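What follows is a set of notes on a single structure, which appears directly below.
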Amino acid sequence: MLQQFFENKIVSKKLKLRLRNTTVDKTYASETWTLTKRDRKQLNIFERKVYRRILSPVYGSEKGNWRLLTNKEVYASVKKPTIIEAIS
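Just so you know, we're using the numbering used here here: the sequence shown kicks off at 312 and counts up by one.
Printed below as a string of structure tokens:
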């Protein structure tokens with residue numbers, strides 16, 4: 312259900328980011344458990360996957376084709392701490 316919402320072109324990116332911030336951060340912040348290295352990696356992968364769905368592919372002017380954002384570009388666009396930083 313959220314996947315369809317995040318891929319919907321009619322809904323603004325700002326609203327999608329607000330929804331992601333309220334649902335994902337609050338869910339993980341309310342839980343208390345010890346995070347292993349693998350858990351941290353999986354949470355970061357999940358977070359970037361959600362952000363990439365929200366931000367959509369971008370048109371690369373150099374090669375003239377569509378491409379996904381790099382990790383640095385994702386975090387620069389969002390301007391928020393990672394989920395690991397938020398719950399630690």
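Quick reminder that beta carbons are idealized off the backbone N, C-alpha and C, glycines included. Just so it is clear, the structure is predicted and the values come from calculations on it, not from any experiment.
Taking the Cβ atoms as the reference, Gly-371 lies roughly 19 Å from Arg-364, outside the contact range of under 8 Å. In this structure Lys-327 is buried. Its beta-carbon is surrounded by 16 or more other beta-carbon atoms within 10 angstroms.
In this structure, the straight-line span from the alpha carbon of Asp-350 to that of Ile-394 is close to 12 Å. The beta-bridge partner set that DSSP reports for Arg-378 consists of Val-369.
As the crow flies, the alpha-carbon of Pro-392 is around 22 Å from that of Pro-368. Assignment of Ile-398 by DSSP, reduced to helix, strand and coil, places it in the helix class. A Cβ-Cβ contact shorter than 8 Å links Phe-317 with Val-361.
Straight through space, the alpha carbons of Leu-366 and Lys-374 are spaced by roughly 20 Å. According to the DSSP assignment, Leu-328 belongs to the alpha helix (DSSP H) that extends over 324-331.
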